[in-house]
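Notes for the one structure printed next.
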Amino acid sequence: MALTRLEREQITDSRLKLQSAAHTLKHIDPDKVPDFDEIQDCLEDAEKSLRGALRSSKSGPQDSGG
338 MALTRLEREQ
348 ITDSRLKLQS
358 AAHTLKHIDP
368 DKVPDFDEIQ
378 DCLEDAEKSL
388 RGALRSSKSG
398 PQDSGG
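Structure follows, in structure tokens:
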């Protein structure tokens, strides 16, 4: 299903926030954060899912979105 321009912008913004959070975690001692690896995996999976949504939307028609 095609995303509107606004939806693409919101997904891109969310991806950047996830990437920022993942980058910030690299500077924290994993032993001090419960479930650290699971948190990193979750951030990575969420970013990949959003990236996939953007890719699949690129082939669809684009509208002004709202």
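Numbers in my numbering are just positions in the sequence shown, counted from 1, shifted up by 337. Beta carbons are placed, not taken as given, at the ideal position from N, Cα and C, and that holds for glycine.
For Leu324, count neighbouring C-beta atoms within 10 Å of its own C-beta (all shown protein chains included) and say buried if the count is 16 or more, exposed if not. Any property of residue 324 remains undetermined from this structure, which presents the chain solely from 338 to 403.
Report the option in Arg352, His360, Met338, Thr361 whose CA atom is closest to the CA atom of Ser386. The residue you call residue 386 lines up with position 49 of the sequence shown. Ranking the options by Cα distance to Ser386, first place goes to Arg352.
Following the continuous alpha helix (DSSP H) through Ala359, name the residue where it begins and the one where it ends. Counting from 1 along the sequence shown, the entry for residue 359 is found at position 22. Looking at the DSSP string, the run of the alpha helix (DSSP H) that includes Ala359 is 342-362.
Got a sec? Which residues, its chain only, sit under 7 Å from Ala358 by beta carbon, not counting five neighbours each side? Position 21 of the sequence shown, counting from 1, holds the residue named residue 358. Closer than 7 Å at the Cβ level, and outside the excluded window around Ala358, lie Leu380.
Using a Cβ-Cβ cutoff of less than 8 Å, which residues in the same chain neighbour Asp382 once the five nearest sequence positions on both sides are dropped? Here residue 382 refers to the residue found at position 45 of the sequence shown. Around Asp382: no qualifying Cβ.
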